[in-house]
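Q: If you count the sequence shown from 1, position 224 lands on 241 in the working numbering, and the numbers rise without skipping. Dropping a structure here in structure tokens format, bear with me for questions.
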Amino acid sequence: MARQIRRIAISTGGGDAPGLNAVIRAVVLSAARRGWECYGIRDGMNGLIAPESCVGEGVQLLTPDNVHGIAHLGGTILGSSNRGNPFHFPMPDKSGGWTEQDRSGDVVDECRARGFDALVMVGGDGTMGIADGLQRKGLTVVGVPKTIDNDLDRTYLTFGFDTASGFATECIDRLHSTAQSHQRVMVVEVMGRYAGWIALHAGMAGGAHAILIPEIPFDIDVVAQAILARDADRRKHSIVVVAEGAAPAGGQRELASRAAGGHAERLGGIGMRVSHWLEDRTGKECRPVVLGHLLRGGSPSAFDRVSALRFGAAAVRALDEGRSGVMVALTGPGIDYVPLAEVAGHTKRVPVGSDIMETARELGICLGERV
Ligand code: F6P
Numbered sequence: 018m019a020r021q022i023r024r025i026a027i028s029t030g031g032g033d034a035p036g037l038n039a040v041i042r043a044v045v046l047s048a049a050r051r052g053w054e055c056y057g058i059r060d061g062m063n064g065l066i067a068p069e070s071c072v073g074e075g076v077q078l079l080t081p082d083n084v085h086g087i088a089h090l091g092g093t094i095l096g097s098s099n100r101g102n103p104f105h106f107p108m109p110d111k112s113g114g115w116t117e118q119d120r121s122g123d124v125v126d127e128c129r130a131r132g133f134d135a136l137v138m139v140g141g142d143g144t145m146g147i148a149d150g151l152q153r154k155g156l157t158v159v160g161v162p163k164t165i166d167n168d169l170d171r172t173y174l175t176f177g178f179d180t181a182s183g184f185a186t187e188c189i190d191r192l193h194s195t196a197q198s199h200q201r202v203m204v205v206e207v208m209g210r211y212a213g214w215i216a217l218h219a220g221m222a223g224g225a226h227a228i229l230i231p232e233i234p235f236d237i238d239v240v241a242q243a244i245l246a247r248d249a250d251r252r253k254h255s256i257v258v259v260a261e262g263a264a265p266a267g268g269q270r271e272l273a274s275r276a277a278g279g280h281a282e283r284l285g286g287i288g289m290r291v292s293h294w295l296e297d298r299t300g301k302e303c304r305p306v307v308l309g310h311l312l313r314g315g316s317p318s319a320f321d322r323v324s325a326l327r328f329g330a331a332a333v334r335a336l337d338e339g340r341s342g343v344m345v346a347l348t349g350p351g352i353d354y355v356p357l358a359e360v361a362g363h364t365k366r367v368p369v370g371s372d373i374m375e376t377a378r379e380l381g382i383c384l385g386e387r388v
């Protein structure tokens with residue numbers, strides 16, 4: 018028999034993505050319609066286990082009034098966690114370094130003490146792993162997929178991706194005219210840690226001439242040849258889009274900093290590298306542009322707002338149907354529920370033989386592949 022629900026809680030974890038507030042709104046309103054209370058946990062799970070680190074209360078009651086007019090706002094009204102995986106919670110040690118503690122038992126105890134019958138956890142791969150771990154410890158948990166990178170497995174789309182790739186496209190559109198005026202090569206670095214969805218979508222939509230993604234280790238000489246071939250054809254400017262996780266064949270990803278103290282390693286710098294390499298090889302002036310966190314900010318697109326609202330409502334529906342241990346997912350025209358265990362730790366990369374990659378090749382876009 019499904020457990021009687023009276024009170025649920027929601028948390029948002031990992032890198033923010035446009036649409037998070039729309040999910041929160043949908044969850045609160047859908048819960049209220051069922052007569053359930055909804056509480057917001059601040060900063061991922063930190064509001065439960067490290068409330069002193071949060072701005073304001075670690076846990077707050079969310080009413081329909083609190084979530085009025087937030088669906089169009091970027092960021093998350095609940096804050097997110099930069100480091101705070103309760104299964105590997107970073108604690109300062111005596112030597113000034115960091116050590117990890119398993120605080121997941123404290124999360125379970127806190128949820129029980131506060132009378133939370135279920136949790137809705139909104140996040141990416143890391144959050145889905147935590148959600149899966151917590152449901153194995155006996156909590157009722159439903160996940161909602163979020164990441165601008167769109168690399169979460171078992172869902173066709175994550176919210177935030179449409180806004181991010183739309184904004185990146187707008188930036189590429191703007192770079193064409195300055196590239197053309199100066200006969201330059203503009204190298205645009207976009208986010209995309211493990212997968213090139215943003216680079217590919219924005220690059221194709223924005224008319225890029227080369228797109229480099231983590232799925233295809235690139236040959237910089239092939240990219241240089243493509244630029245020189247355009248030059249010879251009297252098309253003197255080029256736009257190259259590079260995902261931050263792209264790497265040359267036989268080379269490494271560019272790191273801005275290593276993992277430390279609960280922080281994941283930070284990627285960054287491949288745009289600058291590619292720009293230098295291309296300048297050396299083509300003799301053309303190249304300029305790197307890093308879009309970085311601009312892609313995560315701002316208002317969600319209409320598509321992301323609606324996806325996020327649908328995901329939020331579906332998460333509450335899943336709980337009402339007695340489900341736990343699932344993530345709501347877009348698997349076709351409708352929403353489906355997929356086991357968290359099948360999502361966590363699996364990355365959805367762009368399939369190399371996929372129609373979208375084939376289309377890029379047919380359009381003559383250089384993917385840096387050796388022929
Ligand atoms: O949301 C995922 C992501 O956008 C990755 O593409 C990127 O590597 C990461 O976030 C950067 O996150 P932060 O700067 O918040 O650590």
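Ideal Cβ placement from N, Cα and C applies to all residues, glycine included.
1. Just to confirm, is the Cβ distance from Gly-314 to Gly-140 under 8 Å?
2. Taking only the alpha-carbon atoms, compute the straight-line gap between Gly-349 and Arg-322 and give it to the nearest angstrom.
3. Using the beta-carbon count (16 or more within 10 Å), is Ala-76 buried or exposed?
4. To the nearest angstrom, report how far apart Arg-171 and Asp-250 are at their CA atoms.
5. Do Leu-95 and Arg-59 have their beta-carbon atoms positioned less than 8 Å apart in this structure?
6. What residues in its chain sit with their C-beta under 7 Å from that of Asp-33, if we drop five residues either side in the sequence?
7. Would the segment 181–190 and the segment 292–304 be scored as touching if the rule is three or more Cβ pairs under 8 Å?
8. Mapping the DSSP letters down to three states, classify Phe-176 as helix, strand or coil.
9. Do the segment 115–126 and the segment 158–168 touch if we need at least three Cβ pairs shorter than 8 Å?
10. Could you give the DSSP three-state label for Glu-338: helix, strand or coil?
11. Please report the straight-line C-alpha distance between Thr-364 and Asp-142, rounded to a whole angstrom.
12. Quick one: is Ser-324 buried, meaning 16 or more other Cβ sit within 10 Å of its Cβ, or exposed?
13. Starting from the C-beta of Gly-267, find all residues in its chain whose C-beta is less than 8 Å away, skip the five residues before and the five after it, and write them out in chain order.
14. Quick check on Asp-248: does DSSP put it in helix, strand or coil?
15. Is Pro-68 helix, strand or coil when you go by DSSP?
16. Going by the DSSP bridge assignment, what does Asp-353 pair with across the sheet?
17. Leaving out five residues before and five after Asn-99 in sequence, what residues of the same chain have Cβ atoms less than 7 Å from its Cβ?
18. So does Thr-164 have its beta carbon nearer than 7 Å to some heavy atom of the ligand F6P?
19. Near Ser-318, what residues of its chain come up, given a Cβ to Cβ distance below 8 Å and the 5 sequence neighbours on each side ignored?
20. Can you look up Leu-90 in the DSSP assignment and give me helix, strand or coil?
21. Classify Gln-242 as helix, strand or coil using the three-state DSSP reduction.
22. Over what stretch of residues does the beta strand (DSSP E) that includes Gly-262 continue unbroken?
23. Using CA coordinates, which residue listed in Ala-67, Arg-366, Gly-146 is at the minimum distance from Leu-217?
24. Considering only the beta carbon of each residue, do Val-258 and Arg-387 sit closer than 8 Å?
25. Between Tyr-354 and Leu-336, what straight-line distance do the alpha-carbon atoms span, to the nearest angstrom?
26. Could you name the residues that DSSP lists as bridge partners for Ile-22?
27. With distance defined between alpha-carbon atoms, name the residue in Ser-292, Gly-113, Glu-375, Val-333 nearest to Glu-206.
28. Between Met-138 and the ligand F6P, is there a pair consisting of the residue's CB and a ligand heavy atom that are separated by less than 7 Å?
29. Do you know how far the Cα of Arg-275 is from the Cα of Leu-284?
30. DSSP beta-bridge partners for Leu-380?
31. Provide the residue span of the beta strand (DSSP E) that contains Arg-389, from first to last.
32. Leaving aside the five residues before and after Ile-25 along the sequence, list all residues of the same chain whose C-beta is less than 8 Å from its C-beta, in chain order.
33. Would you report the Cα separation of Val-125 and Phe-104, rounded to the nearest angstrom?
A: Let me lay it out:
1. 8 Å or more divides the Cβ of Gly-314 from the Cβ of Gly-140.
2. Taking C-alpha positions only, Gly-349 is separated from Arg-322 by approximately 18 Å.
3. Checking the sequence, you will find Val at residue 76 rather than Ala. Buried, because 16 or more other Cβ atoms sit within 10 Å of the Cβ of Val-76.
4. Rounded to the nearest angstrom, the two C-alpha atoms are 43 Å apart.
5. It is a contact, given that the beta carbons lie within the stated cut-off.
6. Closer than 7 Å at the Cβ level, and outside the excluded window around Asp-33, lie Gly-92, Thr-93, Ser-97, Arg-313.
7. Per the Cβ contact rule, the segment 181–190 is not in contact with the segment 292–304 (fewer than 3 Cβ pairs under 8 Å).
8. In this structure, Phe-176 counts as strand in the three-state DSSP scheme.
9. No, the segment 115–126 is not in contact with the segment 158–168.
10. In the structure shown, the three-state DSSP call for Glu-338 is coil.
11. A direct Cα-Cα distance of roughly 8 Å separates Thr-364 from Asp-142.
12. Result: buried.
13. Pro-234, listed in sequence order.
14. Under the three-state reduction of DSSP, Asp-248 is assigned to helix.
15. In this structure, DSSP gives Pro-68 a helical state, which the three-state scheme calls helix.
16. Per the DSSP secondary-structure output, Asp-353 pairs in a beta bridge with Ala-346.
17. Within the same chain, Asn-99 has close Cβ partners His-280.
18. Yes, since a heavy atom of the ligand F6P falls inside the 7 Å radius drawn around the Cβ of Thr-164.
19. For Ser-318, where only same-chain residues beyond five positions count, the Cβ hits under 8 Å are Pro-35, Asp-179, Thr-180, Gly-183.
20. Here Leu-90 sits in coil by DSSP.
21. Here Gln-242 sits in helix by DSSP.
22. Looking at the DSSP string, Gly-262 is not in any beta strand (DSSP E), and its letter there is neither H nor E.
23. Checked all of Ala-67, Arg-366, Gly-146; the closest Cα to Leu-217 is Arg-366.
24. When the beta-carbon positions are compared, Val-258 and Arg-387 stay at least 8 Å from each other.
25. CA-CA distance, Tyr-354 to Leu-336, rounds to 11 Å.
26. Answer by DSSP bridge pairing: none, since Ile-22 is not bridged.
27. Of the listed residues, the one whose Cα sits closest to Glu-206 is Ser-292.
28. Not under cutoff, so the answer is no.
29. Their backbone Cα atoms lie some 9 Å apart in a straight line.
30. Leu-380 is not bridged to any residue.
31. The shown model of the chain, from 18 to 388, leaves out residue 389, and the question about it has no answer.
32. Closer than 8 Å at the Cβ level, and outside the excluded window around Ile-25, lie Val-44, Ala-48, Trp-53, Glu-54, Cys-55, Tyr-56, Phe-133, Asp-134, Ala-135, Leu-136, Val-137, Val-333, Leu-336.
33. If I take the Cα positions, the gap works out to 12 Å.
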